[in-house]
Amino acid sequence: MMAKISSKGHKSRSAGRFGVRYGTKSRKLIADIEEKMHAEYTCSKCGAKKISRIGTGIWQCKKCEHTFAGGSYVPQSPAHMTVLRAVQGVKTEISKQMAQGKA
């Protein structure tokens, strides 16, 4: 009788380079972070999907060479998004007051 051919092993993500070391949870967290870090992001200045990470918290558009500070692993950190929402709320409030004052 022939031996059964087993299927291929698990697909390793970017943390597959660590092998069995450092524990499953740590390797999953690293893989998640690296997927976010290497994802395509849109430039706020020119609109191209050419943002790349230069260093910790430093991001640059490869098309227009616009360099800006962002999060360590993503260009817009969750705190940055919270601040943007707050500023947008204040802007709409001011524009409503200006419209009421002119009317």
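Position 2 of the sequence shown, counted from 1, bears residue number 34 in my numbering, the numbering being contiguous throughout.
Glycine included, each C-beta is placed from N, C-alpha and C at the ideal position.
Roughly how far, in whole angstroms, is the beta-carbon of residue 83 from the beta-carbon of residue 75, given that I think they are within contact range, below 8 Å? 6 Å
CB-CB length for residue 78 against residue 95, believed under 8 Å: 6 Å
Check the DSSP bridge columns for residue 75 and list the partner residues they point to. Paired residue(s): none; residue 75 is not in a bridge.
Along the chain, where does the alpha helix (DSSP H) that runs through residue 56 open and close? 56 to 69
Cα separation between residue 124 and residue 100? 26 Å
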